[in-house]
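Numbering (the UniProt record's numbering), first residue to last: 1 to 307.
A virtual CB, placed ideally from N, CA and C, is assigned to each residue, including glycine.
In this text, all values refer to a predicted model and were calculated from it rather than measured experimentally.
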């Protein structure tokens, strides 16, 4: 991934901050800290990529291009696109996607096939957000299938698979760099879904299994962060800011419970408040500023690219 000073996005900024972290002991790869910018350029070409935690299935209204991706008009990319007043906004996030669907056609919920997400990128792309990895090795589906408890052996497998995501995310960032060499890339982590020390009817787990599930989620986010930084992308940590907004948080919850709720969210997925919260953290990472107060996403209408 290029340094910001080489691209159109960073060239238009008045303030440039590029701190470098220490090199990895194992790979000697250059690790880049998440970057923040003092000003924003005009004419940003923004592409959003990722899975259902980026797409926002069933949150408010679903886009029809294509409907099988169950992509919300109020997902965090839509908020970010509006707050940045982007010139071009292409959202190819798709529910069910894993890192392999960046380079292959994905079969969506309605049985139709969509183009590889990387096809949305070009040499003109300035900004990319990527939220993916939880569906790799069936981590999320396996974790949610044992909401009443997992065997120690299965917990060990999930922890191992969470660690394996790092290499896939690094490869994904490198693939983005090949298609969009001038783009700034932000890998977005997953929010706090489960509580760490208390339970509720939505997650009837004993404390030890609740802690194990939370540990697997933390391992997954750690893999995303390591993979992103090893490949030269920035990592947006939304786990910390979503603590206290998990599925058991009542009125403060950002995450839906185990029931599918039309217009609200898919089971154990972010609701509108969660999408807005994640968007605010992404916006702050990109711009260095606090997000405007917005109830709904308002990306520039003439900027939206239909898929």
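Cβ separation of residue 89 and residue 305, assumed to be a contact under 8 Å, to the nearest whole Å: 7 Å
Would you call residue 50 buried or exposed, if buried means 16 or more other Cβ atoms sit within 10 Å of its Cβ? buried
Measure from the alpha carbon of residue 293 to the alpha carbon of each residue in 279, 302, 300, 286, then state which is nearest. 279
Would residue 263 and residue 60 be called neighbours here (beta carbons separated by less than 8 Å)? yes
Would you mind working out which of 122, 162, 153 sits nearest residue 139, comparing C-alpha positions? 162
Excluding the five sequence neighbours on either side, which residues of its own chain have a C-beta within less than 7 Å of the C-beta of residue 219, listed in chain order? 159, 162, 163
Using a Cβ-based criterion (distance less than 7 Å to any ligand heavy atom), does residue 251 qualify as near the ligand ZN? Looking for the ligand ZN in the displayed structure turns up nothing, as the structure carries no ligands at all.
Simplified DSSP assignment, three categories, for residue 155: helix
For residue 125, does the count of other Cβ atoms within 10 angstroms reach 16, so buried, or fall short, so exposed? buried
Relative to the C-alpha of residue 246, which candidate in 258, 236, 69 has its C-alpha closest? 258
Can the beta-carbon of residue 48 be found closer than 8 Å to that of residue 95? no
Which runs of the beta strand (DSSP E) at least 3 residues long sit entirely within the segment 65 to 103? Give them in chain order. 88 to 91
Three-state secondary structure (DSSP) at residue 261? Residue state, collapsed to three classes: strand.
Less than 8 Å between the C-beta atoms of residue 190 and residue 234, yes or no? no
Taking its Cβ as the centre, do 16 or more other Cβ atoms sit within 10 Å of residue 117, making it buried, or is it exposed? buried
Taking DSSP's pairing of strands, which residues face residue 113 in a bridge? 107
Go through its chain and collect everything with a Cβ distance to residue 266's Cβ below 8 Å, but skip five positions before and after it. 52, 57, 58, 70, 95, 256, 260
Comparing alpha-carbon positions, which option in 145, 181, 240, 226 lies nearest residue 203? 145
Which whole-angstrom value is the C-beta distance of residue 108 and residue 134, which I expect to be below 8 Å? In fact, because the Cβ distance is near 17 Å, the residues do not count as touching under 8 Å.
With a cut-off of 8 Å on the beta carbons, I'd call residue 248 and residue 198 a contact; round off their distance for me. 6 Å
When the Cα atoms are used, what is the spatial distance from residue 46 to residue 298? C-alpha separation (whole angstroms): 15 Å.
Residue 132 - DSSP class collapsed to helix/strand/coil: coil
Please name the residue in 287, 239, 210 whose C-alpha comes closest to that of residue 192. That would be 239, whose Cα lies nearest to the Cα of residue 192.
Please report how far the alpha carbon of residue 253 lies from the alpha carbon of residue 200, in whole angstroms. So the alpha carbons of these two residues sit roughly 12 Å apart.
Only counting runs of 3 or more residues, tell me where the beta strand (DSSP E) segments fall wholly within the segment 229 to 300, in order along the chain. 234 to 236
Please say whether residue 180 and residue 141 have beta carbons closer to each other than 8 Å? no
Integer Cβ distance of residue 211 from residue 150, believed to fall under 8 Å: Their Cβ separation, rounded to whole angstroms, is 12 Å, which puts residue 211 and residue 150 out of contact at 8 Å.
Burial state of residue 103, where buried means 16 or more other Cβ atoms lie within 10 Å: exposed
Backbone secondary structure at residue 182 - three-state DSSP: It is coil, neither helix nor strand.
Strictly by DSSP, which residues pair up with residue 50? Residue 50 has 131 as its beta-bridge partners, per DSSP.
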